[in-house]
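Position one of the sequence shown corresponds to residue 30 (my numbering), numbered consecutively onward. Every residue, glycine too, gets a C-beta built ideally from N, C-alpha and C. Scroll down for the structure; my scribbles are underneath it.
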Amino acid sequence: MTPPDSTGSTGSTGATAAAGSTGAAQAFHRPPGAAVSRRHSIADTGMEAEAAYQLVHDETMLDGNARLNLATFVSTWMDDYADKIYAESYDKNMIDKDEYPQTAAIEENCWHIIAGLWNCPDVANTIGTSTIGSSEACMLGGLALKRRWQLARHHVGKPTGRPNLIMSSAVQVVWEKFCNYWDVEARYVPISAEHPVLDGHDLARYVDENTIGVVAIMGQTYTGTYEPVQQIAAALDAIQAKTGYDVPIHVDGASGAMIAPFLQPDLVWDFRLERVHSISTSGHKYGLVYPGVGWVVWRTADCLPADLIFDVSYLGGSMPTLALNFSRPGAQVLLQYYLFLHLGREGYRAIQQASQDVALYLSAGIGALDAFELCSDGSDIPVFAWRQTEGHTDKWNLYHLSDRLRMKGWQIPAYPMPADLEELTVQRIVVRNGLSMDIAEDLLADIVEETAYLDALETPMPVEGPTAGFHH
Ligand SMILES: Cc1ncc(COP(=O)(O)O)c(C=O)c1O
Numbered sequence: 030m031t032p033p034d035s036t037g038s039t040g041s042t043g044a045t046a047a048a049g050s051t052g053a054a055q056a057f058h059r060p061p062g063a064a065v066s067r068r069h070s071i072a073d074t075g076m077e078a079e080a081a082y083q084l085v086h087d088e089t090m091l092d093g094n095a096r097l098n099l100a101t102f103v104s105t106w107m108d109d110y111a112d113k114i115y116a117e118s119y120d121k122n123m124i125d126k127d128e129y130p131q132t133a134a135i136e137e138n139c140w141h142i143i144a145g146l147w148n149c150p151d152v153a154n155t156i157g158t159s160t161i162g163s164s165e166a167c168m169l170g171g172l173a174l175k176r177r178w179q180l181a182r183h184h185v186g187k188p189t190g191r192p193n194l195i196m197s198s199a200v201q202v203v204w205e206k207f208c209n210y211w212d213v214e215a216r217y218v219p220i221s222a223e224h225p226v227l228d229g230h231d232l233a234r235y236v237d238e239n240t241i242g243v244v245a246i247m248g249q250t251y252t253g254t255y256e257p258v259q260q261i262a263a264a265l266d267a268i269q270a271k272t273g274y275d276v277p278i279h280v281d282g283a284s285g286a287m288i289a290p291f292l293q294p295d296l297v298w299d300f301r302l303e304r305v306h307s308i309s310t311s312g313h314k315y316g317l318v319y320p321g322v323g324w325v326v327w328r329t330a331d332c333l334p335a336d337l338i339f340d341v342s343y344l345g346g347s348m349p350t351l352a353l354n355f356s357r358p359g360a361q362v363l364l365q366y367y368l369f370l371h372l373g374r375e376g377y378r379a380i381q382q383a384s385q386d387v388a389l390y391l392s393a394g395i396g397a398l399d400a401f402e403l404c405s406d407g408s409d410i411p412v413f414a415w416r417q418t419e420g421h422t423d424k425w426n427l428y429h430l431s432d433r434l435r436m437k438g439w440q441i442p443a444y445p446m447p448a449d450l451e452e453l454t455v456q457r458i459v460v461r462n463g464l465s466m467d468i469a470e471d472l473l474a475d476i477v478e479e480t481a482y483l484d485a486l487e488t489p490m491p492v493e494g495p496t497a498g499f500h501h
């Protein structure tokens, strides 16, 4: 029997029960006291597959609608052919290169294609890998910076105990994790109203002989804005001329590295800059693949110290592997390749442009309301953020607007900016493939309506105490 449809029709009623099944019906007609709400331990005996299906299905009914989740950067829509490839390959383990040599070869195709998109000077002499997402890709980029620095220091007999990494205070949490997990001092350059992103200003104060690298973000998580990588590289050139410290850059292009090649091809942020040693991205963000794939590529094979590379057996020979995970899904890699083949440059450009058009439409509409001021407008990556206009009201804040919109199904987070600007609350929309202009029109109408509702309040909304930070 086929599972109930997504409207949540259950086995206890109508067609399903009439079809003569007992499994799902049992999930709902159990003896008193036998109902289990949340399971934190495994039962001695299991239940019918159909009943278990129904419970899992029902427990997730209160999850938000992924397409209306405008908080996430991660793809929530792919076409039918992609679904078909996914269904044909969800059992493939990426690490089994000997067993799935074609999948392994396709992974290589992908990172070579990506190296080309990032203007790698010699695509044949580069190295890269797929990962589970940007977080793993950033970890690998950071590890390569650390090892390169350690090797250079060993070479001249200097100590290696106190490496540091320089980044903006608005980095994604993965960089805090990297520094914590791998014993690297995180040197945060605070963002401010004058310097809302890392831009090379004052960098010399942070660099010393223990600096393993600088992280530049293409598509800052809070506002979607690009950090000017070329300007950061120029600041590091000046520092090198003065001090001799040769500090490489890792570009965290989780979102922007799959936007800039298509929408801003003349912007110089990638391997055109010699100082950029490695770049990472999320295939599952603007790479347009479902969750579970990231990529990291090094400028040349020399930028990745050889002792970080392991070999796995491959067609009777060996193949380099450098991911942190051993097993991970191969299907998403195939989906990435499918999109490269299907869309080509022009297809990617058209999709990213459509998202950007929607972002610009929405940001213009929101920016036109008295209640709000834009922090960004979506002209870098199709992501933008806004704040409440200073002095506009003392009756409500952006968290209240977020709640009001959630009642209508929209998931649009409000959150504080990072350290040094934390008193500033912003709200952000991530426009992804699948958020059409028609949906955007409805969204804007709801934002206008809910803002008018809040503005008409005669007494202030209750305010919650501090909440945990928002990290994506
Ligand atoms: C700038 C940046 N880096 C890294 C990450 C982590 O990416 P992933 O979720 O693919 O691990 C994100 C996620 O939003 C991000 O915005």
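* **CA nearest to the CA of Arg457, picked from Ala474, Asp467 and Trp439** => When each option's Cα is compared against that of Arg457, the closest is Trp439.
* Ala283: beta carbon under 8 Å from a heavy atom of ligand 1? -> Here the distance from the Cβ of Ala283 to the nearest heavy atom of ligand 1 is below 8 Å.
* Asked: DSSP on Trp204, reduced to helix/strand/coil?
  -> Here Trp204 carries a helix assignment [DSSP, helix/strand/coil].
* Identify every residue that forms a DSSP beta bridge with Ile308. => Ile308 is bridged to Val280 and Val326.
* Pro489, DSSP secondary structure in three states -> In the structure shown, Pro489 adopts coil according to DSSP, grouped into three states.
* Hey, how far is the Cα of Met490 from the Cα of Glu419? -> Glu419 has its alpha-carbon roughly 17 Å from the corresponding atom of Met490.
* State the Cα-Cα distance for the pair Ile241 and Thr252, rounded to the nearest angstrom. => Distance between the alpha carbons of Ile241 and Thr252 is about 27 Å.
* Asked: How many Å lie between Ala270 and Val276 at the Cα?
  -> Using only the alpha carbons, I get a separation of about 11 Å.
* Identity of the residue in Asn462, Tyr444, Leu430 and Pro442 nearest Asp484 by Cα -> Closest option to Asp484, Cα to Cα, is Leu430.
* Asked: Is the stretch 463-483 in contact with the stretch 403-410, if contact means three or more CB pairs nearer than 8 Å?
  -> Between the stretch 463-483 and the stretch 403-410, the count of Cβ pairs shorter than 8 Å is below three; the stretches do not touch.
* To do: Taking all protein chains shown into account, decide if Asp295 is buried (16 or more other Cβ within 10 angstroms of its Cβ) or exposed.
  => Answer is exposed; the Cβ neighbour count stays below 16.
* Asked: Name the DSSP bridge partner or partners of Gly157?
  -> Beta-bridge annotation (DSSP): Gly157 is paired with Val326.
* Can you find a heavy atom of ligand 1 that lies under 8 Å from the Cβ of Gln201? -> Flag set: Cβ of Gln201 near ligand 1.
* Can you find a heavy atom of ligand 1 that lies under 8 Å from the Cβ of His279? -> Set against 8 Å, the gap from the CB of His279 to the closest heavy atom of ligand 1 is not smaller.
* Using 8 Å as the threshold, is the stretch 162-173 in touch with the stretch 306-320, meaning 3 or more CB pairs across them? -> Look at the beta carbons and you see the stretch 162-173 touching the stretch 306-320: at least three pairs across the two are nearer than 8 Å.
* **Reference Val455, options Met168, Leu333, Gly396 and Val362, closest by Cα** => Residue Gly396 is the option with its Cα nearest to Val455.
* Proximity of Ala153 and Tyr343 at Cβ, strictly below 9 Å -> Contact flag unset, no.
* Asked: Can we count Thr250 as close to ligand 1, meaning its CB is less than 8 Å from some heavy atom?
  -> Answer for Thr250: yes, Cβ within range of ligand 1.
* If I'm right that Phe300 touches Trp147 with Cβ under 8 Å, what's the distance once you round it to whole angstroms? => Contact flag correct, Cβ pair sits at about 5 Å.
* Asked: Based on the DSSP output, what are the partners of Val218 in its beta bridges?
  -> Paired residue(s): Ser197.
* Asked: Within 10 angstroms of its Cβ, does Ile71 collect 16 or more other Cβ (buried), or is it exposed?
  -> Burial call: exposed.
* Is Ala144 closer than 9 Å to Val326 when the C-beta atoms are compared? -> Yes, the Cβ-Cβ distance between Val326 and Ala144 is below 9 Å.
* Kindly indicate which residue of Met168, Val218 and Asp237 has the alpha-carbon position closest to the one of Asp231. => It is Val218.
* Name the DSSP bridge partner or partners of Ala414? -> Beta-bridge pairing links Ala414 to Arg457.
* To do: Work out the CA separation of Tyr428 and Pro442 for me, nearest whole Å.
  => Note on geometry: alpha-carbon atoms of Pro442 and Tyr428 lie some 8 Å from one another.
* Do we get a CB-CB distance below 9 Å when we pair Arg435 with the residues of chain B? -> Going by chain labels, chain B is absent from the structure shown, which holds only one protein chain.
* Could you give the distance in angstroms between the alpha-carbon of Ser307 and the alpha-carbon of Lys424? -> Straight-line Cα distance between these residues: approximately 47 Å.
* Looking at Val103 and ligand 1, is the gap between the Cβ and the nearest heavy atom below 8 Å? -> At least one heavy atom of ligand 1 is nearer than 8 Å to the Cβ of Val103, so yes.
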